[in-house]
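Visitor: Structure in structure tokens, see below.
Residue numbers (my numbering): 10 to 297.
Printed below as a string of structure tokens:
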């Protein structure tokens, strides 16, 4: 088998990110509103994990040796569903049921409904504590499976997150990687006006984590960061965190500049404009 080149790898993951964004727009149109901006902003992070890093079997979501992806931020479920569909765990056509009665795809992620959804997120501050417990459990089972935990910058307001971070270092959980979507926006406004959490990098380092901060909308930078995290895990027991600076609505200029971006209401005529802008931007980058 021919080994994939770095350029081919970058192209493959970038294409997955584009499709995740496209899926998210299609799902958002079903409801006419939702956490579309976060899904667009985090699409590159999700693509790197699902298209490149995560070990799983699409047809066997409960495979015992799988890596676990924990979505702390349950309201990001729209992006996660898009990634699960891109990974072949969910049928793409099922995305049309998003948020509907009797759907397996509720607007906030729930593990009891959705294949591939490991935890029910939503109450911020729970995800990393669960991740620490899972990582400990897998180690006791002599499993080489890894835990990937997705957090938001708003979640860093929660004290339980930092308790879990210290616990992960104390137990030397090298099988745990966290990723933080730093989009600088919360439900109550800009993150730095709600509760200043900077210097974020210094705080994770002080908690004993191998810490990297990158442009979360730069697929090449993300791939390098996750490769570094994997290499670090192989040589030390430190947990790793990738801090990702992202932009809400990334890839769709119409939504990137929208003022009320945490929970977006998008007019009926705007959805096709969003898709056209997304495709034009992706095709423009691909031909550059």
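Backbone N, C-alpha and C fix where the C-beta goes; we use that ideal spot for every residue, glycine too.
Any chance you could list the alpha helix (DSSP H) runs of at least 4 consecutive residues sitting entirely within the stretch 122 to 160, in chain order?
Guide: 136 to 149
Visitor: If we cut at 8 angstroms on Cβ distances, does residue 23 have a partner in chain D?
Guide: Given the protein chain composition of this structure (a single chain), no chain D is represented.
Visitor: Which residues in the same chain as residue 98 place their Cβ atom closer than 8 angstroms to its Cβ, once the five residues preceding and following it in sequence are excluded?
Guide: Correct list, in chain order: 65, 67, 70, 124, 125.
Visitor: Starting from residue 79, trace the beta strand (DSSP E) both ways and give me its first and last residue.
Guide: 77 to 80
Visitor: Contact defined as beta carbons within less than 8 angstroms: I believe residue 206 pairs with residue 162. What is the distance between those atoms, to the nearest angstrom?
Guide: 7 angstroms
Visitor: Buried or exposed: which applies to residue 218, given that a residue is buried once 16 or more other Cβ atoms fall within 10 Å of its Cβ?
Guide: buried
Visitor: Please determine, among 55, 283, 229, 183, the residue with the shortest C-alpha to C-alpha distance to residue 18.
Guide: Per the Cα distances, 229.
Visitor: Compute the Euclidean distance between the alpha carbons of residue 167 and residue 11, then round it to the nearest angstrom.
Guide: If you take the alpha carbons of residue 167 and residue 11, they lie about 47 angstroms apart.
Visitor: Are residue 164 and residue 220 closer than 8 angstroms when you measure CB to CB?
Guide: The answer is no: Cβ separation not under 8 angstroms.
Visitor: Quick one: what's got a C-beta closer than 6 angstroms to residue 181's C-beta in the same chain, skipping five residues either side?
Guide: 246
Visitor: Any idea what DSSP makes of residue 12, helix, strand or coil?
Guide: For residue 12, the three-state secondary structure derived from DSSP is coil.
Visitor: If you pair each beta-carbon of the stretch 231 to 248 with each one of the stretch 177 to 193, do three or more pairs fall below 8 angstroms?
Guide: yes
Visitor: Spatial neighbours of residue 175 within its chain, please: CB distance less than 6 angstroms, with the 5 preceding and 5 following residues excluded, ordered by chain position.
Guide: 216
Visitor: For a quick check, are the C-beta atoms of residue 257 and residue 270 less than 8 angstroms apart?
Guide: yes
Visitor: In terms of DSSP beta bridges, what is residue 219 paired with?
Guide: 249
Visitor: If you draw a straight line from the C-alpha of residue 264 to the C-alpha of residue 273, how long is it?
Guide: 9 angstroms
Visitor: For residue 38, is the classification buried or exposed, using 16 other Cβ atoms within 10 angstroms of its Cβ as the cut-off for buried?
Guide: Its Cβ being crowded by 16 or more others within 10 Å, residue 38 is buried.
Visitor: Give the DSSP-derived three-state secondary structure of residue 42 in the structure shown.
Guide: The three-state secondary structure of residue 42, taken from DSSP, is strand.
Visitor: Please classify residue 198: is it buried, with 16 or more other beta-carbons within 10 angstroms of its beta-carbon, or exposed?
Guide: exposed
Visitor: Where does residue 194 fall in DSSP's three states?
Guide: Residue state, collapsed to three classes: strand.
Visitor: DSSP on residue 185, reduced to helix/strand/coil?
Guide: Looking at residue 185 - three-state DSSP - the assignment turns out to be strand.
Visitor: List the DSSP bridge partners of residue 6.
Guide: This structure gives no information on residue 6, because the portion of the chain shown stretches from 10 to 297.
Visitor: Label residue 72 either buried or exposed according to how many other C-beta atoms from any shown protein chain fall within 10 Å of its C-beta, with 16 as the threshold for buried.
Guide: exposed
Visitor: Flag this pair as touching only if the stretch 101 to 116 and the stretch 139 to 153 have three or more C-beta atom pairs under 8 angstroms; answer yes or no.
Guide: Under the Cβ criterion (8 angstroms, minimum of three pairs), the stretch 101 to 116 does not count as touching the stretch 139 to 153.
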